[in-house]
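Asker: FYI, the working numbering numbers position 62 of the sequence shown as 869, with every residue one higher than the one before it. Glycine included, C-beta positions come from ideal geometry on N, C-alpha and C.
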Amino acid sequence: MKVLPVLLSTFESCLRRPGLLPHGQHLRFSTALLKASALELAILAGHLLLYPSGIRRERVPQARAEPVRLPSATAERPVLLLHGFIDNRSVFVLLRRTLAKEGRQHLMSLNYSPLTYDIREAAERLGRHVEEICERTGQPVVDIVGHSLGGLIARYYVQRLGGDLRVRTLVTLGSPHGGTDVVPLMSAHPIVRQMRPDSDVIEELKEPAPHCGTRFVSFWSDLDTVMSPLETAAVDHPDLRAQNVRVAGIGHLALPVHPAVTSGVRQAIDSDEAPARSAGSAAVVA
């Protein structure tokens, strides 16, 4: 789980930022940060209760002899949910419920091992899982929603391993696209080192990707203490069709569960519009 990184990063944020703002703005910022931190702790407590339920691998639904065909192509397209660092699929309970209300037939989660030490290997495994989903459902493409590290793994698959042929839309929630400097002590873990701004993985993602066809929608929060700097959770690449959505007033753990964000994720997946390359930012007030 993300208990230690979230608590340490929140503490670092409180120490780091007070001198950067005038007194009045700092007071408003501190109040917002306190509210966001309280929400983070509440979500963390709830997630700790749900965490055991998400440890086991998700059961593959049995194929129906005569599958029900809904009129919406969006409802039939598979959606794959990919969790963050030392987490599991239980983080998506509320998001999954929101998407299921639309009658989606294919909502799936992938648990990668907490012993995963390499983003590239995790991306290769993701690719194999996507191929299995497409074969099982008969659908040529999927949508992926990735929280934190999960979004970075999915981006590597899409951008570096040819996954854009299978992924129509990639939605990321608080993913360190440009690398994050938060909690230096956690650099002992190899996969954390790969999430640093100067890592080989981040450098690879900066390389040209002129033929990448996947649509990117990245949600980043102005109070996400796991992202340092905050804007690292936005996609900044001239070759990618990306829309960055700034969320105000919530932290890292709230991104997969807050109603404003889950509604935005649903809209992103439902949309048939393809953003222009480096399309800029939108905003959501949580």
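#1: Tell me Thr979's beta-bridge partners as DSSP assigns them.
#2: Mark Glu1014 as exposed unless 16 or more other C-beta atoms lie within 10 angstroms of its C-beta, in which case mark it buried.
#3: For Arg943, does the three-state DSSP call read helix, strand or coil?
#4: Which residue marks the beginning of the beta strand (DSSP E) containing Ser1070, and which one marks its end?
#5: Using C-beta distances below 7 Å, list every residue in its chain close to Leu1037, excluding the 5 sequence neighbours before and after it, in chain order.
#6: From Gly957, Val1042, Ser982, Asp950, pick the residue whose C-alpha is nearest to that of Val974; which is it?
#7: Going by beta carbon distance, what residues of the same chain come within less than 6 Å of Gly957, once the five residues before and after it are set aside?
#8: Using a Cβ-Cβ cut-off of 8 Å (strictly less than) and excluding sequence neighbours within five positions of Glu931, which residues of its own chain qualify?
#9: Quick test of your reading: Arg1073 and Leu914, contact by CB under 8 Å. State the CB separation rounded to the nearest angstrom.
#10: Count the other C-beta atoms from every protein chain shown that fall within 10 angstroms of the C-beta of Ser982, then say buried if there are 16 or more, exposed otherwise.
#11: Please go through the same chain and pick out, in chain order, the residues whose beta-carbon is closer than 6 Å to the beta-carbon of Gly1020, but skip the five residues on each side of it.
#12: Going by DSSP, what residue range makes up the beta strand (DSSP E) through Arg1048?
#13: For Met915, list the residues DSSP reports as bridge partners.
#14: Report the CB separation of Val1068 from Leu959 in whole angstroms; it is logged as a contact under 8 Å.
#15: Can you tell me which of the three DSSP states Val900 falls into?
#16: What three-state label does DSSP hand Val974 in the structure shown?
#17: Between which two residues does the alpha helix (DSSP H) holding Asp1005 run?
#18: Below 6 Å CB to CB, which residues in the same chain sit around Phe1023 once its five sequence neighbours on both sides are set aside?
#19: To the nearest angstrom, how far is it from the Cα of Leu902 to the Cα of Thr987?
#20: Rounded to the nearest angstrom, what separates Val1052 and Ser916 at their Cα positions?
#21: Buried or exposed: Ala995, going by 16 or more other Cβ atoms within 10 Å of its Cβ?
#22: Looking only at its chain, what residues have a beta carbon closer than 6 Å to the beta carbon of Ala961, apart from the 5 residues adjacent to it on each side?
#23: So is Gly1094 buried or exposed if we call it buried at 16+ other beta carbons inside 10 Å?
#24: Around the Cβ of Glu938, are there at least 16 other Cβ atoms within 10 angstroms (buried) or fewer (exposed)?
#25: On the CB-based measure, 16 or more other CB atoms within 10 Å of its CB, does His1059 come out buried or exposed?
#26: If you reduce the DSSP assignment to three classes, tell me which class Arg962 lands in.
#27: What residues in its chain sit with their C-beta under 6 Å from that of Ser1035, if we drop five residues either side in the sequence?
Answerer: According to the structure shown:
#1: Translated into positions along the sequence shown, residue 979 becomes position 172. Beta-bridge pairing links Thr979 to Gly953, Ser1025.
#2: Along the sequence shown, read from residue 1 onward, the residue named residue 1014 stands at position 207. Counting Cβ neighbours within 10 Å, Glu1014 comes out exposed, since fewer than 16 surround it.
#3: Translated into the one-based positions of the sequence shown, residue 943 becomes position 136. If DSSP states are grouped into helix, strand and coil, Arg943 belongs with the helices.
#4: Indexing the sequence shown from 1 puts residue 1070 at position 263. Per DSSP, Ser1070 belongs to no beta strand (DSSP E); it is in the alpha helix (DSSP H), 1066-1077.
#5: The count along the sequence shown starts at 1 and reaches residue 1037 at position 230. The answer, listed in chain order, is Trp1027, Asp1029, Asp1031.
#6: Mapped onto the sequence shown, residue 974 falls at position 167. Closest by alpha carbon: Asp950.
#7: Residue 957 sits at position 150 when you count from the first residue of the sequence shown. Excluding positions up to five away in sequence, the list reads Leu889, His890, Gly891.
#8: The count along the sequence shown starts at 1 and reaches residue 931 at position 124. Counting only Cβ-Cβ distances below 8 Å, and skipping sequence neighbours, we find Tyr964, Leu968.
#9: For the purposes of this step, residue 1073 is identified with residue 266 of the sequence shown, where counting begins at 1. For the purposes of this step, residue 914 is identified with residue 107 of the sequence shown, where counting begins at 1. Rounded, the Cβ-Cβ distance is 12 Å, inconsistent with contact.
#10: Stepping through the sequence shown from its first residue, residue 982 is reached at position 175. So Ser982 ends up on the buried side.
#11: Residue numbering aside, residue 1020 sits at position 213 when the sequence shown is read from its first letter. Same-chain partners within the cutoff: Asp971.
#12: Start at 1 with the first residue of the sequence shown, and residue 1048 comes out as number 241. 1048-1055 is the span of the beta strand (DSSP E), which, as asked, contains Arg1048.
#13: One-based indexing of the sequence shown puts residue 915 at position 108. The partner list for Met915 (beta bridge, DSSP) reads Leu887.
#14: The count along the sequence shown starts at 1 and reaches residue 1068 at position 261. The count along the sequence shown starts at 1 and reaches residue 959 at position 152. About 18 Å; that fails the 8 Å criterion.
#15: As a working mapping, residue 900 is identified with position 93 in the sequence shown. In the structure shown, Val900 sits in a helix (DSSP, three-state: H, G or I).
#16: Taking the first residue of the sequence shown as 1, we reach residue 974 at position 167. Here Val974 sits in strand by DSSP.
#17: If you number the sequence shown from 1, residue 1005 lands on position 198. Element bounds for Asp1005: n/a, residue is neither H nor E.
#18: Numbered from 1 along the sequence shown, position 216 holds the residue referred to as residue 1023. Cβ neighbours of Phe1023 beyond the five flanking positions: Leu977, Val1042, Leu1047, Ala1049.
#19: One-based indexing of the sequence shown puts residue 902 at position 95. One-based indexing of the sequence shown puts residue 987 at position 180. The alpha-carbon atoms of Leu902 and Thr987 are separated by roughly 25 Å.
#20: Here residue 1052 is taken as the residue at index 245 of the sequence shown, counted from 1. Here residue 916 is taken as the residue at index 109 of the sequence shown, counted from 1. Straight-line Cα distance between these residues: approximately 23 Å.
#21: Against the sequence shown, residue 995 aligns to sequence position 188. Label assigned to Ala995: exposed.
#22: In the sequence shown, counting from the first residue as 1, residue 961 sits at position 154. Leu889, Ile951, Gly953, Leu977, listed in sequence order.
#23: For the chain, the structure presents residues 808 to 1093; residue 1094 sits outside this window and is missing.
#24: Counting from one through the sequence shown, the residue named residue 938 turns up at place 131. Answer is exposed; the Cβ neighbour count stays below 16.
#25: Position 252 of the sequence shown, counting from 1, holds the residue named residue 1059. Buried: at least 16 other Cβ atoms inside 10 Å.
#26: Looking up residue 962 in the sequence shown gives position 155. Arg962: helix per DSSP, three-state reduction.
#27: What you label residue 1035 is simply residue 228 of the sequence shown in a count that begins at 1. If we look at Ser1035 and ignore the five residues flanking it on each side, its Cβ neighbours are Thr987, Asp988, Val989.
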